[in-house]
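Quick notes on the structure that follows.
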Amino acid sequence: MCKILLVEDNEMNRDMLSRRLKRQGYEVVVAADGQQGLLMAEAESPALILMDMSLPELDGWEATRRLKASKSTQHIPVIALTAHAMVDDREKAYAAGCDDYDTKPVEFQRLLAKINTLLVQEGAR
Amino acid sequence: MRLFQDLSIKRKLTAIIMVISTVALLLSCVAFITYDLLMLRQTMKRDLSVLAGIIGSNSTAALAFDDQNAARETLSALSAEPHVVSACVYTRNGKPFAKYLREDPKGEFLPPPPGADGSQFEVDHLVLFQRIRLDGEPLGTVYIQSDLKEMEARLRRYSLILLIIVSGSSLVAYLLAARLQGVISLPILHLAQTAKVVSSEKDYSIRAVKKSQDEIGTLIESFNEMLEQIHIRDEELQRHREHLEEVVFARTNQLKATNAQLTVAKEKAEQANRSKSEFLANMSHELRTPLNAVIGYSEMLQETAQEADHQEFLPDLKKIHSAGKHLLGLINDILDLSKIEAGRMQLYLEWFELRPMIDDVIGTVQPLVDKNNNRLEVACEQDLGWMQADHTKTRQVLYNLLSNASKFTERGTIWLVANLLQRDDGQWVQFRVHDTGIGMSREQIDKLFQPFTQADSSTTRKYGGTGLGLAISRHFCRMMGGELQVESVPGEGSTFTVLLPAREAKAERSEGKIANQENGKAGASEFARGGSTEDRKPGIGPVLVIDDDPTVRELVRHVLSKEGYQVVEASEGGEGLLLARAAQPMAIVLDVLMRGIDGWEVLSQLKADEELAEIPVIMLTIVDERNRGYLLGASDYLVKPIEPDRLLRVLRKYQGIKPSGQLLIVEDDSLTREMMRRILEPMGWKVREACNGREGLERVAESAPDLILLDLVMPEMDGFEFLSRLRQERDGRSIPVVVVTGKDLSEADRLRLNGSVEKVLKKGAENREHLLREVCEWVRNCARTAVQGSEVEVPLV
């Protein structure tokens, strides 16, 4: 089954989301900040990355930009997750190179659908 | 008379005196002369009668003895009388006996027949007949004619004398009058002069001098008194005015101070409001994070409970879950409102089909409807079709109205009516939500759309909610160029009416900040917006994909949106035609084999429609019948499987068709300029060139471009200088700039550029093609963000 990298600093959210994804049959690896996220992306080559945007150390936008700049990780689809829901968040996420975007609290079914779509597209390439 | 009236008093007086004295003199002279002349006539008659007597007595003998000579002798004595013109002596029977004519003493003349005794004045003669008697017996008649020369001479003399006297006395009278009239006229003239000076100099302290105690004296006195009063009032007025100025000055100062305080207060209030909005936004973020866990874990636990067959936990878990959801809804409302108040709410416009959206809302709201034992009736027009609006917000508005209606109605009916309205200003979508609930009074309606206000505060306790929903809904409607209105009768129910433009055009005008939404990559449709068709940005404006296979549509959308195209999809021919009309796409990608109307038919109909015939149609199909396609008017023919690059190449051809934006290249190397121009022009840009910063500024002054590509190292004026000057210009402040440079940027350079350029691209040793591709990419990006007006972080390469 597909491997998903979840980059999320909030422990509870990280725990909850990873467990729910695992229940859906995904293999989940986690990172707690942007820097760690980058390392994990390189090391684990996940099929998809769920990226929280407000992260310590290196924030989600910058982390995504770097992922998309690097040859080895630029093909991995990234879904931005943000609780901000404030102006420009969506644009900023897309501008950073995210492939999709969702707001927190996560509506799990919707998120699953988005994950699925991106994975199918990726697989079709 | 008029002339006389206009004369000055001085002259009037003189004239009157003159006329009176002259007339009096003339009258007395005439009386005297008349009397004198009458006396003269009496004398003349008497003299002539005496003369006739003498002649008669002297002629008695001659007549008695019939001695004509003696009679003639007697008559000739008349020559001593200078006035006697002629004379005659008649016999008793009236025959002329002797005649006398002064001018010719011997001459003959025919004397008139003898008349009765007496004298008589004729025209210029005095004529006299007198009987000659002897002892009382008539013996004959004497006739004498005398001229009036004496009288005439006297008349002439008198006239002369009269003239002399009149003129002499007139002169004297004039001199006297001229002197004496002053007694009356001078005080009047003085008064008049004084009045004139007072009125011309506005000096009310001047006084007229009183010289006599007569009526004029009284007049002058009154006049002075009047002046005195005016003077007093004038001074009073002046005092008031000065005081008034002081008062005004004082008040103005007071006002200024108050204004300054108000400005400070206003700024403080605005700052406070902004802080509040920021705070709310941040708070709701903070609140969402733990909520995320609450909702997520409760969902998880429900799944677990179900799997482990612990049904008894389910109701409680559901309660936790729904309470969490409810709390989330409230927080969302507050967040929405804080965004609205901070002016940071954005629209994400997209094309969506109305019917599925409505069905979705109904599905969501149904549990709420059922909760109060209500019935929901939906009446929609058969073919509502598509609309271009913010999907989420439209849905939210509709949900809000329906959930409100459910909340405030018990065992009643709720109607949702959706229909299209064709008006002069375009097509509109109308939703009406009608309920048979508690309704509202006029006063309640007035407060309805104010945030944090429910129909009345007891409502909150009974029905719950934040009271933000309607305020937010109305704001959303207005942002999209529409309106939300309400009618209600207390106790009978309410009707909420939402009116939204079916296309986004209106929304744009009413609300400045609009971003765009698409499935997949961020909106590229900005190219297609910006108001009228004329000033569109370089056209990557919508591409309509008509294909019944969702995977094909998805793939095409994916490929196109990645390149910045806006994509509109239709799953069958009829819908495709409808959308083509609605969206006026830049190009249409069309499949042939479809359910219902097939691609050939769609193509023919497109080409038969005047409005749509110009839109290029790219056939994308498994059927290889190129000739048929071209014959029907297709512009290009691609055979599946889809080759993304090929599709993009084909589409790029049609970008230039739309009126496009202006791009300015500021670069000293002519080769680079040429290469950029060659690649950018086919994309639809109007490219202008400048070979240094100074020229660049001149180009910008001529007309502001939509985008600038800037080299940093240039002769005369370098890129940094150009940028700082450009950003000072009013027109230049907002033009996006992409720097393309070979310079290695120092930290200081980066700081100088930071915030004022969109992107720095490095001209490196690596191949040119790569750079140009990047330029293209960024040109597209910038056009996008330029329209959005949102700030882009500056990622420096």
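Residue numbers (the numbering used here), protein chains in the order written: chain R, 1 to 125; chain S, 1001 to 1797.
In this text, a Cβ means the ideal position worked out from N, Cα and C, and glycines have one as well.
For clarity, every value in this text was computed on a predicted model and none was experimentally measured.
{"Item": "In whole angstroms, what is the alpha-carbon distance linking LEU55 (chain R) and LEU39 (chain R)?", "Value": "15 Å"}
{"Item": "Secondary structure at LYS1763 (chain S), three-state DSSP: helix, strand or coil?", "Value": "coil"}
{"Item": "Are any of the Cβ atoms in chain R nearer than 8 Å to that of ILE1642 (chain S)?", "Value": "no"}
{"Item": "Could you tell me the alpha carbon to alpha carbon distance between MET1345 (chain S) and VAL1498 (chain S), rounded to whole angstroms?", "Value": "19 Å"}
{"Item": "Taking only beta-carbon atoms, is PRO77 (chain R) less than 8 Å away from chain S?", "Value": "no"}
{"Item": "Between GLY1426 (chain S) and PRO1501 (chain S), which are expected to be in contact by the criterion C-beta below 8 Å, what is the C-beta distance as a whole number of angstroms?", "Value": "6 Å"}
{"Item": "Below 8 Å between beta carbons is the criterion; list the residues of the region 1297-1315 of chain S that meet it against any residue of chain R, in chain order.", "Value": "TYR1297, GLU1299, MET1300 and GLU1303"}
{"Item": "For LEU1327 (chain S) and chain R, any beta-carbon pair shorter than 8 Å?", "Value": "no"}
{"Item": "Whole angstroms is fine: what's the gap from VAL1084 (chain S)'s alpha carbon to ALA1173 (chain S)'s?", "Value": "45 Å"}
{"Item": "Following the continuous alpha helix (DSSP H) through SER1338 (chain S), name the residue where it begins and the one where it ends.", "Value": "1314-1341"}
{"Item": "Within the 8 Å Cβ cut-off, does MET51 (chain R) reach chain C?", "Value": "Although the question refers to chain C, the structure presented lacks it and instead comprises the protein chains R and S."}
{"Item": "Whole angstroms are fine: how far does the CA of ILE1362 (chain S) sit from the CA of THR1392 (chain S)?", "Value": "14 Å"}
{"Item": "Find out if the Cβ-Cβ distance for the pair ASN1400 (chain S), SER1473 (chain S) is shorter than 8 Å.", "Value": "yes"}
{"Item": "Within the 8 Å Cβ cut-off, does ALA1323 (chain S) reach chain R?", "Value": "no"}
{"Item": "For the 8 Å Cβ check, are there 3 or more pairs between the region 1324-1342 of chain S and the region 1284-1302 of chain S?", "Value": "yes"}
{"Item": "Taking the CB atoms as reference points, tell me whether LEU1420 (chain S) and LEU1384 (chain S) lie closer together than 8 Å.", "Value": "yes"}
{"Item": "Below 7 Å on C-beta distance, what does ALA1389 (chain S) contact in chain R?", "Value": "Within chain R, no residue comes near ALA1389 (chain S); the closest Cβ sits about 17 Å away, beyond 7 Å."}
{"Item": "Taking only the alpha-carbon atoms, compute the straight-line gap between ILE1161 (chain S) and THR1022 (chain S) and give it to the nearest angstrom.", "Value": "14 Å"}
{"Item": "What residue range is occupied by the uninterrupted beta strand (DSSP E) comprising ALA1080 (chain S)?", "Value": "Looking at the DSSP string, ALA1080 (chain S) is not in any beta strand (DSSP E), and its letter there is neither H nor E."}
{"Item": "Rounded to whole angstroms, what is the Cα-Cα separation between LYS1319 (chain S) and GLU1299 (chain S)?", "Value": "11 Å"}
{"Item": "Between which two residues does the alpha helix (DSSP H) carrying CYS1029 (chain S) extend?", "Value": "1009-1064"}
{"Item": "May I ask you to report which of helix, strand or coil DSSP gives VAL1650 (chain S)?", "Value": "helix"}
{"Item": "Report the rounded CA-to-CA distance for LYS1513 (chain S) versus ALA1250 (chain S), giving the unit in angstroms.", "Value": "Per-residue confidence for LYS1513 (chain S) stands at a pLDDT of 34, beneath the threshold of 50, marking its modelled position as unreliable; no derived number is given."}
{"Item": "According to DSSP, is LYS1658 (chain S) helix, strand or coil?", "Value": "For LYS1658 (chain S), the pLDDT reaches just 41, beneath the cut-off of 50, and the residue's location in the model is therefore unreliable, although a value from the coordinates is still provided. LYS1658 (chain S): coil per DSSP, three-state reduction."}
{"Item": "Within 10 angstroms of its Cβ, does ARG1509 (chain S) collect 16 or more other Cβ (buried), or is it exposed?", "Value": "With a pLDDT of only 34 at ARG1509 (chain S), under the threshold of 50, the placement of this residue in the model should not be trusted; the figure read from the coordinates follows. It is exposed - the Cβ of ARG1509 (chain S) has fewer than 16 other Cβ atoms within 10 Å."}
{"Item": "Is the beta carbon of ILE79 (chain R) sitting closer than 8 Å to the one on LEU112 (chain R)?", "Value": "no"}
{"Item": "Identify the continuous alpha helix (DSSP H) that holds GLU44 (chain R) and give its terminal residues.", "Value": "34-44"}
{"Item": "Can you tell me whether ALA63 (chain R) is buried or exposed, with buried defined as 16 or more other CB within 10 angstroms of its CB?", "Value": "buried"}
{"Item": "Going by beta carbon distance, what residues of the same chain come within less than 6 Å of ILE1622 (chain S), once the five residues before and after it are set aside?", "Value": "LYS1640"}
{"Item": "Of all the options S:THR1014, S:HIS1558 and S:SER1076, which has the alpha carbon lying nearest to the alpha carbon of LEU1647 (chain S)?", "Value": "S:HIS1558"}
{"Item": "Does the pairing of the region 1125-1144 of chain S with the region 1044-1060 of chain S give three or more beta-carbon distances under 8 Å?", "Value": "yes"}
{"Item": "Give me the residue from R:LEU58, R:ARG65 and R:ILE4 with the minimum Cα distance to GLN74 (chain R).", "Value": "R:ARG65"}
{"Item": "In terms of DSSP beta bridges, what is MET1619 (chain S) paired with?", "Value": "S:LEU1590 and S:TYR1637"}
{"Item": "For the region 1725-1738 of chain S against the region 1694-1710 of chain S, are there 3 or more C-beta pairs whose distance is under 8 Å?", "Value": "yes"}
{"Item": "Look at the alpha carbon of GLN109 (chain R) and the alpha carbon of ALA1305 (chain S), and state the distance between them as a whole number of angstroms.", "Value": "19 Å"}
{"Item": "What do you get for PRO1096 (chain S), buried or exposed, if any count of 16 or more other CB atoms within 10 angstroms of its CB means buried?", "Value": "buried"}
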